[in-house]
Amino acid sequence: MDGLPKGFHIHDGILLKRLSIRTPNLHIMRYNARGFPYNSMRSRLHSGIHPARNGPTMNDTLKTLHSLRSIHGNFSESEISDEDLQTILRTCVRAANASARQSYGIVVIEDREMMKALCGYAGSRGLLFCVDFTRLEMQASHLGHPFAAGGIPSLVIGAIDTVLAAQTAAIAAKSLGIDSLFTNGIHRGDIDRVYRLLDLPLEHCFPLIMLILGYASEEPQFQKSRLDGMGIVHYGKYHPLTTGDLEGLIRAYDDPARHLGMSEDWRKKGMAHYLDWFYTVWVGTFPKTTGKSKMLEILERSGFTQT
Ligand SMILES: Cc1cc2nc3c(=O)[nH]c(=O)nc-3n(C[C@H](O)[C@H](O)[C@H](O)COP(=O)(O)O)c2cc1C
0 MDGLPKGFHI HDGILLKRLS IRTPNLHIMR YNARGFPYNS MRSRLHSGIH PARNGPTMND
60 TLKTLHSLRS IHGNFSESEI SDEDLQTILR TCVRAANASA RQSYGIVVIE DREMMKALCG
120 YAGSRGLLFC VDFTRLEMQA SHLGHPFAAG GIPSLVIGAI DTVLAAQTAA IAAKSLGIDS
180 LFTNGIHRGD IDRVYRLLDL PLEHCFPLIM LILGYASEEP QFQKSRLDGM GIVHYGKYHP
240 LTTGDLEGLI RAYDDPARHL GMSEDWRKKG MAHYLDWFYT VWVGTFPKTT GKSKMLEILE
300 RSGFTQT
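Mapping to numbering that gives the first Met the number 0: the sequence shown position 196 is 195, numbers consecutive.
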C-alpha cells in the first residue's frame, strides 16, 4: 500500500506490523491510523470505541460495518418508518444469490406480540428470513417444467442466499440508524408454531433466522470485539492451532478490554477463564436433545434432508 513503511499493512483501518505470514493479530503490534500504538488506545477500547473509527482509512461503509452491534431485546416503542423498511427490503435482495434464484422468502411482522410468540423478542419490525423454494416451484409448474427442489444441496445453497440477504438487511438498517438483533429464538421449543402462526409452506420452506429491527431503548455499555487472527483466518492453507495458539486465545477471551464473550462476570462465578464458563455454564444452558431433534423432524418434513 502506498506510503506505508515496509512490513506494515492496513487491516480494519488499523495499521499493523506483520511479524511473519502466520502471525495472528494477537501477536502483531497494532497502531491506529495516526501511528499510535494499540496499547495507548486501551482506554478507548474499554469504552468499546473502535480505535480506528475516526481514522482516515474508514469510509462510510466501513464505519457502518464496524458500528454493528446487537440490541439484546431492549428495543424502544419507536417505530421505523415504512420508507426505511422498504429501503431495507429493496437493499437486502441485492445480496448475491446462487443461479439468480433468490431461494428465500422474507415474512415482515409488525405485531410485537406475534414477534414475541415467534422468537421471544419484539421490536418495531421482525423480518423472518426463510429458505424457500415455493416460488421457484410454482413458477416451474405454471410453465409446465419439472423442477426438483429439496435435498441437502438445496438447503445449503438456499441457506447461503438467505443469510446473505439477512445480513445485508442488518447492514442497510444500521446505515439508516436502525438497530437490530438476529435471533434463532424461532428454533427454540416447538418450531412448528412458526409454520402455524405464519402459514409457512410445509415443504421446501424452512424459517432460518429472524432479524428484529427497531431503536435501542438503552445503548449497550460496550461493543463486543471479534477474533480476527489465528483459528479464524488461515493464510495459504489451513493451520491447526498449537498449544501456544490456544493459550493466546484463552488469554484473549480473558482480556476484559476485548469483550469477546457472552458474559462479563464469569470471574465472579469462580471461573479461572472465560472459556471455562462458556463450556461448563453457557453451553449447558441449551436444552439437551435426545433422539431425533425437532429441527431434524421439520427438515425431514420440509424435504430438505434427502441427499
Ligand atoms: C444465528 C444467531 C442467533 C442469535 N440469537 C440471539 C438470541 O436469541 N438472543 C440474543 O440476545 N442474541 C442473539 N444473537 C446475537 C449474538 O449474541 C451477538 O451477535 C453476539 O453476541 C455478538 O455481539 P454483537 O452482535 O453485539 O457484536 C444471535 C446472533 C446470531 C448470528
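Just so it is clear, CB atoms sit at the ideal spot from N, CA and C, and this is done for glycine as well.
Distance CB(residue i)-CB(residue j) smaller than 8 Å
{"i": "Y214", "j": "I185", "result": "no"}
{"i": "L154", "j": "F303", "result": "yes"}
{"i": "E202", "j": "S301", "result": "yes"}
{"i": "I297", "j": "H272", "result": "no"}
{"i": "C129", "j": "L199", "result": "yes"}
{"i": "A251", "j": "L259", "result": "yes"}
{"i": "S174", "j": "D131", "result": "no"}
{"i": "T182", "j": "C118", "result": "yes"}
{"i": "I79", "j": "R124", "result": "yes"}
{"i": "T63", "j": "I170", "result": "yes"}
{"i": "R257", "j": "S224", "result": "yes"}
{"i": "G104", "j": "C204", "result": "yes"}
{"i": "I307", "j": "S179", "result": "Outside the shown range of the chain (0 to 306) lies residue 307, about which nothing can therefore be said."}
{"i": "K267", "j": "W276", "result": "no"}
Residue environment, residue i, which counts as buried when at least 16 other CB atoms sit within 10 Å
{"i": "P206", "result": "buried"}
{"i": "L245", "result": "exposed"}
{"i": "M114", "result": "buried"}
{"i": "D160", "result": "buried"}
{"i": "I151", "result": "exposed"}
{"i": "R89", "result": "exposed"}
{"i": "Y278", "result": "exposed"}
{"i": "M137", "result": "exposed"}
{"i": "M209", "result": "buried"}
{"i": "Y237", "result": "exposed"}
{"i": "M229", "result": "buried"}
{"i": "P126", "result": "In the sequence as presented, Pro is not what sits at residue 126; that position holds Leu. The residue in question, L126, is buried, as its Cβ has 16 or more Cβ neighbours within 10 Å."}
{"i": "A164", "result": "buried"}
{"i": "G290", "result": "exposed"}
{"i": "Y194", "result": "buried"}
{"i": "F285", "result": "exposed"}
DSSP state of residue i mapped onto helix, strand, coil
{"i": "Y214", "result": "coil"}
{"i": "G243", "result": "helix"}
{"i": "S262", "result": "coil"}
{"i": "G283", "result": "helix"}
{"i": "F277", "result": "helix"}
{"i": "M209", "result": "strand"}
{"i": "L67", "result": "coil"}
{"i": "R225", "result": "coil"}
{"i": "D195", "result": "One point to set straight first is that residue 195 is Arg, not Asp, in the sequence displayed. Helix at R195."}
{"i": "R250", "result": "helix"}
Residue interval of the beta strand (DSSP E) (run including residue i)
{"i": "G104", "result": "Y103 to I108"}
Residue i: first and last residue of the uninterrupted alpha helix (DSSP H) it sits in
{"i": "R300", "result": "K293 to S301"}
{"i": "Q85", "result": "D81 to C91"}
{"i": "L201", "result": "It is not in any alpha helix (DSSP H) - L201 carries neither H nor E in the DSSP assignment."}
{"i": "K115", "result": "R111 to C118"}
Give the list of continuous alpha helix (DSSP H) stretches no shorter than 4 residues that lie fully inside the region 130-187.
133-142 and 151-174
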